[in-house]
Amino acid sequence: MPVGSCVDSASSFVHGGHQYACWETGEGPDLLLIHGFPTSSWDWAALWGPLSWHFRLHAMDMLGFGLSDKPRGHRYLIADQAEAYAALLRARGVHEVHLLVHDYGCTVGQELLARAAEGSLEGITIKSIVFLNGGLFPHAHRPRPIQKLMAGPLGPLIARFMSRRSFGKSFSAIFGPDTQPTDEELDAYWSLICTEDGVKVIPALLDYMAQRRANEARWTDPIKTPAVPMRLINGLEDPVSGRHLLEEFARLIPDADVVPLEGVGHYPQVEAPREVFRAVMDFHRTL
Numbered sequence: 196m197p198v199g200s201c202v203d204s205a206s207s208f209v210h211g212g213h214q215y216a217c218w219e220t221g222e223g224p225d226l227l228l229i230h231g232f233p234t235s236s237w238d239w240a241a242l243w244g245p246l247s248w249h250f251r252l253h254a255m256d257m258l259g260f261g262l263s264d265k266p267r268g269h270r271y272l273i274a275d276q277a278e279a280y281a282a283l284l285r286a287r288g289v290h291e292v293h294l295l296v297h298d299y300g301c302t303v304g305q306e307l308l309a310r311a312a313e314g315s316l317e318g319i320t321i322k323s324i325v326f327l328n329g330g331l332f333p334h335a336h337r338p339r340p341i342q343k344l345m346a347g348p349l350g351p352l353i354a355r356f357m358s359r360r361s362f363g364k365s366f367s368a369i370f371g372p373d374t375q376p377t378d379e380e381l382d383a384y385w386s387l388i389c390t391e392d393g394v395k396v397i398p399a400l401l402d403y404m405a406q407r408r409a410n411e412a413r414w415t416d417p418i419k420t421p422a423v424p425m426r427l428i429n430g431l432e433d434p435v436s437g438r439h440l441l442e443e444f445a446r447l448i449p450d451a452d453v454v455p456l457e458g459v460g461h462y463p464q465v466e467a468p469r470e471v472f473r474a475v476m477d478f479h480r481t482l
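Remember, our numbering sits 195 above the position in the sequence shown when you count from 1.
#1: With DSSP run on the structure shown, which of helix, strand or coil describes G212?
#2: Who pairs with E219 in a beta bridge, going by DSSP?
#3: Count the other C-beta atoms from every protein chain shown that fall within 10 angstroms of the C-beta of T320, then say buried if there are 16 or more, exposed otherwise.
#4: Go through the region 390-427 residue by residue and report every complete run of the alpha helix (DSSP H) that reaches 4 residues or more, in order.
#5: Please state the DSSP three-state secondary structure of F478.
#6: Rounded to a whole number of angstroms, what is the C-alpha to C-alpha distance between E483 and G300?
#7: May I ask you to report which of helix, strand or coil DSSP gives E291?
#8: Provide the residue span of the alpha helix (DSSP H) that contains V453, from first to last.
#9: What's the call for E457, buried or exposed, on a 16-neighbour Cβ count within 10 Å?
#10: Would you report the Cα separation of S323 and L284, rounded to the nearest angstrom?
#11: State the Cα-Cα distance for the pair T377 and H290, rounded to the nearest angstrom.
#12: Inspect the beta-carbon positions of P468 and N429 and report whether they are closer than 8 Å.
#13: Assuming F362 is part of the alpha helix (DSSP H), what are its boundary residues?
#14: Assuming I273 and Y384 form a contact by the criterion Cβ under 8 Å, report the distance between their Cβ atoms to the nearest whole angstrom.
#15: Return the chain-ordered list of same chain residues with a C-beta closer than 7 Å to the C-beta of P398, the five sequence neighbours on each side being excluded.
#16: Could you check the C-alpha separation between R359 and F366 for me, to the nearest Å?
#17: Check this for me: beta carbons of Y271 and L387, under 8 Å apart or not?
#18: On a Cα-Cα basis, can you pick out the residue from H461, L295, P233 and P245 that is closest to L227?
#19: Taking C-beta to C-beta, are L307 and Q464 nearer than 8 Å?
#20: I'd like to check one pair, R267 with V394: are the Cβ atoms closer than 8 Å?
#21: Hey, S236 and W218 are a contact pair by Cβ (cut 8 Å); roughly how many whole angstroms apart?
#22: Along the beta strand (DSSP E) that carries V325, what are the first and last residues, could you check?
#23: Going along the chain, which residues of its own chain have a beta-carbon closer than 7 Å to the beta-carbon of S247, five neighbours each way excluded?
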C-alpha cells in the first residue's frame, strides 16, 4: 500500500478530545494491529491485503504518531493509548479480538492483557496475541543512543535538529543488513513522522521507556503466565530487541512459542512480510 493510499483511505475516530486516523477492512475474526515507535499503521501495509482475506482488520495511529493528533505539552501514557484502542473496538462493536503488536505496540498490548487479567477491559475479550520485536522486558531492552539522548533533558533541543538524513541513518541501523529500507520508504516514514510537526513530540513519546520500568510487574506478569495463546516472531538482527530478547522470552516463559527470523531486524512485518504472514497464519490455525 503506497503511503498516499494509506492517507486517502484513513477514517477519523475521536476519543478524549483528540482525533485519530484509523482503518478497517476484511471479514472474519477481529484482529487489531498496533504499530510501534516512531512510525505508524503504515508499517502494516505489506500485510494489510493478505491478512484482510482472513480477518476483519483494525488499525489506528496512536496519539502522537502518523496521521493522528500530536498535541504538545502532553504526557503520552501507554495506559491512555490502550484505552483509545479499547474505545475504538467498543465503537465498532468488537467483543472478541486477536492482537498483532510491534515494538511500542507490544507495551500497549501488554497493558491490554493486564486489563483483561484484572477484569477491567469492559466487554472485550482478548483471544490471542502475537508479538513482533518489542521491549517486552525492560532489562532486555537496548535502546539506541539517540533514544536515550532524546528521552533526557536535551530531547527537545535534539529534536529541533533532526533531519530526514539523520533519521534515515539511525532508522536503517535497526534493519537487517540485507533488508534495508529504500529511500522511498524512508521518505514515507519521515513524512508521516513530520505530519503536524510530529518530530517535536518525539521526546515526550520516549517516556514509554520510563513507563516500562515503572510498570514492569504489571506488564510482564501477563506474559510470564499467559492466559491466552501467545507467539513471538522475532527478527534476530535487531540491536534493540532481537536475538537477546528472544532468548530472554524463551528463558522466562515455559514452552514459549517463538519464531526466529534470521537476517531480519527490528521491523519483521516490513523486512520479511511473507514470513511474518505465514507465522501469523500458522499460529491462528492452532487456535
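C-beta atoms are modelled at their ideal positions from N, C-alpha and C, and glycine is treated no differently.
Concretely, from the data shown:
#1: coil
#2: H253
#3: exposed
#4: List check, alpha helix (DSSP H) in window: 397-400, 403-409 and 411-419.
#5: In this structure, F478 counts as helix in the three-state DSSP scheme.
#6: Residue coverage of the chain in this structure runs from 196 to 482, which leaves residue 483 outside it and unanswerable.
#7: strand
#8: For V453, there is no enclosing alpha helix (DSSP H); the residue is part of the beta strand (DSSP E) that begins and ends at V453 to L456.
#9: exposed
#10: Approximately 15 Å, taken between the alpha carbons.
#11: T377 and H290: Cα-Cα distance of roughly 39 Å.
#12: P468 is not a Cβ neighbour of N429, given a cutoff of 8 Å.
#13: R359 to S367
#14: Not really, about 22 Å apart at Cβ, beyond 8 Å.
#15: M345, A346, G350, P351 and A354
#16: 10 Å
#17: With contacts defined as CB atoms closer than 8 Å, Y271 and L387 fail to qualify as a contacting pair.
#18: L295
#19: no
#20: no
#21: 6 Å
#22: T320 to L327
#23: T220 and G221
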